[in-house]
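Chemist:
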Amino acid sequence: MSTGAWVAVVAIAVALAFGLFRMLSDGRFRGTKELHVPHEDHPREPHAWDAVTDALGETELGARATLVQFSSAFCAPCRATRRILADVAEIVPGVVHLEVDAEHHLDLVRRLDILRTPTTLVIDGGGFEIARASGAPRKEQVLSAIPAMDLES
């Protein structure tokens with residue numbers, strides 16, 4: 001096999017591996033660094049919600065969860081994410097969906113370490129970020145991120 005053929009095979013293998021990685025990780029919610037048990041010496045501070053209200057003014061925090069979506073004008077997955085998050089906010093009591101235009105709120109994007117659109121933050125009723133997903137999540141993924149909060153209360 002010639003060198004060119006080997007280069008082509010390696011390039012195809014790398015592209016397939018990257019595509020598989022993106023398919024498996026895109027839209028998956030993961031816990032965030034703010035998720036910890038507070039105690040007397042180190043109480044939690046609602047950094048994520050403070051950052052959102054500092055940038056956008058007074059907005060409504062959901063009793064159970066607020067789904068904060070960072071999107072941009074030319075982001076095709078952002079439209080699908082908007083529909084999914086709006087559906088979840090309608091069917092789950094106490095959940096609010098808030099969409100933020102990342103292009104117009106770059107300070108907030110930097111402060112919350114948003115690397116791509118769409119990115120969805122799950123903020124609990126106390127204003128703490130408990131999970132985030134980069135990419136377009138599926139409805140089941142969003143719903144499974146919400147029960148991590150206390151839905152019985």
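Be aware that the sequence shown starts at 1, since it is given in UniProt numbering, and climbs by one per residue.
Just so you know, even glycine gets a beta-carbon here, dropped at the ideal spot from N, CA and C.
Compute the Euclidean distance between the alpha carbons of LEU16 and GLY57, then round it to the nearest angstrom.
Modeler: Position 16 of the sequence shown, counting from 1, holds the residue named residue 16. Position 57 of the sequence shown, counting from 1, holds the residue named residue 57. Going from the Cα of LEU16 to the Cα of GLY57 covers about 44 Å.
Chemist: Do GLY94 and ALA133 count as a contact pair if the criterion is CB distance below 9 Å?
Modeler: Numbered from 1 along the sequence shown, position 133 holds the residue referred to as residue 133. Numbered from 1 along the sequence shown, position 94 holds the residue referred to as residue 94. No, the Cβ-Cβ distance between ALA133 and GLY94 is not below 9 Å.
Chemist: On the criterion of 16 or more Cβ atoms from any shown chain inside 10 Å, does PHE128 qualify as buried, or is it exposed?
Modeler: Locating residue 128 in the sequence shown gives position 128, counting from the first residue. Counting Cβ neighbours within 10 Å, PHE128 comes out buried, since at least 16 surround it.
Chemist: Give the DSSP-derived three-state secondary structure of ASP50 in the structure shown.
Modeler: Against the sequence shown, residue 50 aligns to sequence position 50. In the structure shown, ASP50 sits in a helix (DSSP, three-state: H, G or I).
Chemist: Over what stretch of residues does the alpha helix (DSSP H) that includes ILE130 continue unbroken?
Modeler: The sequence position of residue 130 within the sequence shown is 130, counting from 1. Taken as a continuous stretch (DSSP letters only), ILE130 belongs to no alpha helix (DSSP H), being part of the beta strand (DSSP E) at 129–134.
Chemist: Could you tell me the alpha carbon to alpha carbon distance between GLY135 and TRP6, rounded to whole angstroms?
Modeler: Counting from 1 along the sequence shown, the entry for residue 135 is found at position 135. Counting from 1 along the sequence shown, the entry for residue 6 is found at position 6. Between GLY135 and TRP6, the C-alpha separation is close to 33 Å.
Chemist: Report the three-state DSSP secondary structure of VAL92 (helix, strand or coil).
Modeler: Position 92 of the sequence shown, counted from the first residue, corresponds to residue 92. Reduced to three states, the DSSP call for VAL92 is coil.
Chemist: Taking 9 Å as the cut-off, decide whether the C-beta atoms of PRO137 and PHE29 are in contact.
Modeler: What you label residue 137 is simply residue 137 of the sequence shown in a count that begins at 1. What you label residue 29 is simply residue 29 of the sequence shown in a count that begins at 1. In this structure, PHE29 lies closer than 9 Å to PRO137 by Cβ.
Chemist: Where does ALA65 fall in DSSP's three states?
Modeler: Reading the sequence shown from its first residue, position 65 is the one you call residue 65. Note: ALA65 maps to strand in three-state DSSP.
Chemist: Might you give, ordered along the chain, the residues of its own chain that have their beta carbon closer than 7 Å to the beta carbon of ALA55, omitting 5 neighbours on each side?
Modeler: For the purposes of this step, residue 55 is taken as the residue at position 55 of the sequence shown. Excluding sequence neighbours, ALA55 sits near HIS105, ASP107 and LEU108.
Chemist: Could you check where the alpha helix (DSSP H) with ASP107 kicks off and where it finishes?
Modeler: Start at 1 with the first residue of the sequence shown, and residue 107 comes out as number 107. Segment 106–111, the alpha helix (DSSP H) holding ASP107.
Chemist: For the candidate residues LEU112, VAL88, ILE91 and GLN141, whose alpha-carbon lies nearest to that of THR53?
Modeler: As a working note, residue 53 is residue 53 in the sequence shown. Measuring from the Cα of THR53, the nearest candidate turns out to be LEU112.
Chemist: Taking the alpha carbon of ALA102 as the point to measure from, which residue in ALA80, ASP26, CYS75 and VAL96 has its own alpha carbon closest?
Modeler: Reading the sequence shown from its first residue, position 102 is the one you call residue 102. Nearest option by C-alpha distance: CYS75.
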